[in-house]
Structure formats: C-alpha cells, structure tokens
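Residue numbers 988 to 1103, in my numbering, belong to the letters of the sequence shown in order.
Beta carbons are placed, not taken as given, at the ideal position from N, Cα and C, and that holds for glycine.
For reference, the structure discussed in these notes is given below.
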Amino acid sequence: MDKKAFARLGAVVFVALAITTTMIDMARQDGRLDAFVVPTHSVTTPDVLDAELLRCSEIGEAGARDPACLKAWAENRRRFLGQATVSPISPSATTPGGAIAKGEHAGRSGSTGHAD
C-alpha cells in the first residue's frame, strides 16, 4: 500500500471513530441534562447593601460625594476582604465639597491617610 492510500484509510478510520464517539456521548447525555438545570428562584435573600450599591452606581459621579454611597462602598470592601470591623465614614468626615477631610482614609489608591 502506498503512503497516500494509507493516509486516506487513517483519515476515514479517525472520522468514523469521532462520529461513533459523538453518537455514544449524545445518547448518554439525555439522562444527565437534569443535573445542569438552573433553579429559577433565588437562593439568596435580597440585600439592602446591594440595593444601595445599585443606587450609587446609577447616580454616577455624584456617588463619589454621597456619604451613604461612601459608607456602602466601605461596607462592601469590608465584606469582600473579610475584615471583622471597619470604621464607617461619617458625614462629618467629608468636607462640604465632598472631599475626604485630612487624616481620614477613603480607601482610594494613592491615598496614604496622613496629614501633610
């Protein structure tokens, strides 16, 4: 047998095996589909923090100056990082322009929290 015919025979055998394997897998898959059904109801309860974070994201840049948003973001960071306690940002910690008062740490990158 020459090389060309041998290569063709190998390709036909490979395709036949691929089709057979696919058919067997499709026949088995019918019983396993129920295991991948996603429940239609929520397994978590609605969270007040989620609603507040959504509100803050909807108000855009004003959220950076809103004391309630700053508090919500601080709580979200605390939960994400698994910290036990957090010093909440009080409305008095912000200046009338919305900037964090000196000595307060806002958790933003580049901020050291030290008075200059």
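Can you tell me whether residue i is buried or exposed? The criterion is at least 16 other CB atoms within 10 Å of its CB, across all chains shown.
i, result
"A998", "exposed"
"L1117", "One cannot answer for residue 1117 here, as it falls past the ends of the chain, which runs 988 to 1103."
"A1014", "exposed"
"D1034", "exposed"
"D989", "exposed"
"D1053", "buried"
Between the alpha carbons of residue i and residue j, how many angstroms are there, rounded?
i, j, result
"A1003", "L996", "11 angstroms"
"S1043", "Q1070", "Note that residue 1043 corresponds to Cys in the displayed sequence, not to Ser. In a straight line, the C-alpha of C1043 is about 22 angstroms away from that of Q1070."
"A1051", "A1038", "17 angstroms"
"R1064", "L1036", "11 angstroms"
In terms of residue numbering, what span does the alpha helix (DSSP H) encompassing residue i cover?
i, result
"R1052", "R1052 -> no alpha helix (DSSP H), and no H or E assigned at all."
"D989", "Looking at the DSSP string, D989 is not in any alpha helix (DSSP H), and its letter there is neither H nor E."
"A1038", "1035 to 1045"
Please state if the CB of residue j and the CB of residue i are separated by a distance shorter than 7 angstroms.
i, j, result
"A1061", "L1040", "no"
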